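Protein chains: 2
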Amino acid sequence: MDNLKSSRTGMIFLPPAGRGVAAKVEPRSAAGSQTLSRGLDLIEAVVQTPATLSELSKRLGINRSTVHRLASALADRGYLKLEAGEGYMLGAKLLELGHAARRQINLPRVARPHLEALCDSTGDAVHLGVLYEDKALYLDKLSGTRRVEIGSRVGERHPLCATGLGKSLLLDCSEMEWLEIYRAETGHGGAADPAYAAWVEQMRGYAAGGYSFDLEENEDRVRCVGAPIRDETGEIVAAISVSSVAQYMSDDRMAGLVATVSSTAGAISRALGWSGR
Amino acid sequence: MDNLKSSRTGMIFLPPAGRGVAAKVEPRSAAGSQTLSRGLDLIEAVVQTPATLSELSKRLGINRSTVHRLASALADRGYLKLEAGEGYMLGAKLLELGHAARRQINLPRVARPHLEALCDSTGDAVHLGVLYEDKALYLDKLSGTRRVEIGSRVGERHPLCATGLGKSLLLDCSEMEWLEIYRAETGHGGAADPAYAAWVEQMRGYAAGGYSFDLEENEDRVRCVGAPIRDETGEIVAAISVSSVAQYMSDDRMAGLVATVSSTAGAISRALGWSGR
DNA sequence: TTGTTTTGTCCCGATATATGAGATAGGTGT
DNA sequence: ACACCTATCTCATATATCGGGACAAAACAA
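Top line first, the protein sequences correspond to chains B and D. Quick note on our numbering: the first sequence kicks off at 831 and runs consecutively. Quick note on our numbering: the second sequence kicks off at 831 and runs consecutively.
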């Protein structure tokens, strides 16, 4: 049985998370404030699965009394909820705060420092973009330190199938969606189209590796390395790319850039609440 | 200017929240643990707008040193983030926790106790439902204590336009959407249709009041009072209704039930992170 | 430039505060 | 009936928190 999903609201009602065996969680650095840190440990100990008081006490290595005091304080304020027969679980306040956080955390500002670091370390032009109306919309651009300037501006929309950034936005799509998008963008494509077959073959490799290349496809003599940015749901919500003219972008250098770009994309993802990999 | 919204991901990038004058926040009950409570106060103090150390110190009436220790502890763990020139703002960890909370909090379980209380206090049948494929899908049902049984089951799908529960699911829709849904469901409707005009007139009243009635429209001799349930975004994600045969549902009694049903719906909404009204 | 007022960060003694052992009460299952 | 599980409460101890104050750096004004 598939999950019930309200077609209009998009809210999903999942079955209660299973009560698997929870690994002993190593409490984080008690930096600064023990009590506060323990309280946060408590919240995070319940992320995977609800737990009773003594379970939490064992996991965190804290006295039951202390756990009780902290947990009830958290429950009083809605950060946890004591469910009868289930123990403590995450509370509704966290939904509210998560929503508030999403309003405050905006992608361009969060990404900026990471993009600057990437630009400094590579010397090339760096782009940030999102999917918008079946195009890659550029939200930020940093010119590299090379002589040559890459001709692109914030606010411009570029093709999805022919740019490194655009391809990264599509890495999680199904092959059916790839076909649909490719057709919409190029006007051709299909099982019999050799150009499409080659493109899909490339995309499979990119999807498996979590990065993407642009080999002078969109603009002559311009090559890019792209990587996707994910939010707290794991969904791809944006992408970055490093671009330069072909003379600075040998195959070897591009292969080496993959790790760098992926690492930056991962850091931005984590700043958006992503907790994967 | 409208906000950029990725058509595929649905993620919205809002401009940074304005730095309005923030009212002095009265710290909640320091029940149990002062340190932990203050830490949580700190988080909640930056929900509306980012704030500097001394701003927070003033607002909460806590020494700057203490605020600094707590705030850096929170920042270390991602609950807050110190943005240069902006002060402290909500951190990415809250996105992660909000997402985890959404997986744990499932509507039927959260709603159950409230529905039971409502059923006990009214004596009538109580339903919980969501929008699913242009119908109202019943997720839970409690039979009342009356002799007569309302014939409906969990898992059934009922019309949107002719039930109290269904109408409540539609309260936030635009009039254009109302027309569309009404047409799809009844096969008629339009500016010239007197039945549709009357229906829309009723819906306007319901939308303004935040409740809905079913006056023997769906099933003969059955009347209902419905109210919408909202999540942390304020969106209507479900609805409840109280149903009984007409002999127990005088106009006066229905008018009186509005407050009761709305109150229950509000309580469930708050358990889903809603912070409105 | 210089002076003024922010910002975040750090230190350290006094004491308020969190801690944890243990006891209690209410369930649940055998 | 029992044993064993919850969550909750009390209280003496000492520890971790508190807050005054000092600091460097940055932002701002003159």
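Yeah, the Cβ is synthetic: ideal placement off N, Cα and C, and Gly gets one too. Just so we're clear, the structure is a prediction, and the values are computed from it rather than from any experiment.
| Query | Result |
| --- | --- |
| Backbone CA spacing between Gly953(D) and Arg1053(D) [nearest angstrom] | 14 Å |
| Pick from Leu937(D), Met919(D), Arg1083(D) and Leu972(D) that is closest to Ser902(D), judged by C-alpha positions | Met919(D) |
| Sub-7 Å separation of Thr993(B) and Asp1050(B) beta-carbons | no |
| Pro1024(D), buried or exposed, once every other Cβ within 10 Å from all chains shown has been counted against 16 | exposed |
| CB contact below 7 Å: Glu788(D) versus chain B | In this structure chain D extends from 831 to 1107, so residue 788(D) is not present and cannot be described. |
| Secondary structure of Tyr918(D), DSSP reduced to three states | strand |
| Alpha carbon of Arg932(D) to alpha carbon of Thr1094(B), nearest angstrom | 28 Å |
| Limits of the unbroken beta strand (DSSP E) element including Glu913(D) | Leu910 to Glu913 |
| Ala966(D) versus Cys949(B): straight-line alpha-carbon distance, rounded | 52 Å |
| Candidates Asn893(B), Leu937(B) and Gly981(B), of which the one nearest Ala955(B) by Cα | Gly981(B) |
| Sequence-distant residues of the same chain with beta carbon closer than 7 Å to Gly908(D), five excluded per side | Gly921, Ala922 and Lys923 |
| Buried or exposed (CB count within 10 angstroms, at least 16 for buried), Gly1103(B) | buried |
| Top-ranked residue by Cα proximity to Ala1027(B), from Gly1040(B), Tyr1012(B), Ser1092(B) and Ala1037(B) | Tyr1012(B) |
| Residues near Gln864(B) in its chain [Cβ-Cβ closer than 7 Å; skip 5 each side] | none |
| Whole runs of the alpha helix (DSSP H) within the region 955-1043 of chain D, excluding any shorter than 4 residues | 994-999, 1005-1016 and 1024-1039 |
| The region 1090-1104 of chain D: positions lying closer than 7 Å to chain B by Cβ | Arg1100, Ala1101, Leu1102 and Gly1103 |
| Where Leu890(B) meets chain D, residues with beta-carbon distance less than 7 Å | Ordered by position in chain D, no residue passes the 7 Å Cβ test against Leu890(B), which lies about 14 Å from the chain. |
| Any C-beta of chain D under 7 Å from that of Thr896(B) | no |
| Ser951(B) in three-state terms, based on DSSP | helix |
| Burial state of Met1084(D) (16 or more Cβ within 10 Å) | buried |
| Chain D within 7 Å of Met919(B), Cβ atoms only | yes |
| Under the three-state DSSP convention, the category Pro880(B) falls into | coil |
| Whole-angstrom distance between Leu912(B) and Ala860(B), CA atom to CA atom | Annotation note: pLDDT 49 at Ala860(B) (below 50); position unreliable, coordinate value reported separately. For Ala860(B) and Leu912(B), the distance between alpha carbons rounds to 25 Å. |
| Spatial distance of Ile873(B) from Leu910(B) (CA atoms) | 7 Å |
| With 16 other Cβ atoms within 10 Å as the buried cut-off, status of Gln1077(B) | exposed |
| Distance, Glu986(B) Cα to Glu900(B) Cα | Looking at the sequence provided, one finds Leu at residue 900(B) rather than Glu. So the two alpha carbons sit approximately 51 Å from each other. |
| Test item: CB-CB of Ile1066(B) and Ile1098(B) under 7 Å | no |
| Rounded separation between Ala1021(B) and Asp970(B) - CA only | 36 Å |
| Chain D contact residues for Ala931(B), given Cβ-Cβ distances below 8 Å | Leu920, Gly921, Ala922, Leu924, Leu925 and Gly928 |
| Coil, strand or helix - Ser887(B) by DSSP | helix |
| 7 Å Cβ cutoff, Gln1077(B) in contact with chain D | no |
| C-beta neighbour in chain B for Arg907(D), strict 7 Å | yes |
| Environment of Pro880(B) [buried if 16+ CB atoms lie within 10 Å] | buried |
| Chain-ordered residues of the region 969-985 of chain D with a beta carbon less than 7 Å from chain B | none |
| Counterpart residues of Ser1074(B) in DSSP-defined beta bridges | Arg1053(B) |
| Short CB-CB distance (under 7 Å) between Thr877(B) and chain D | Reading the sequence as shown, one finds Val at residue 877(B) and not Thr. Output row for Val877(B): interface = yes. |
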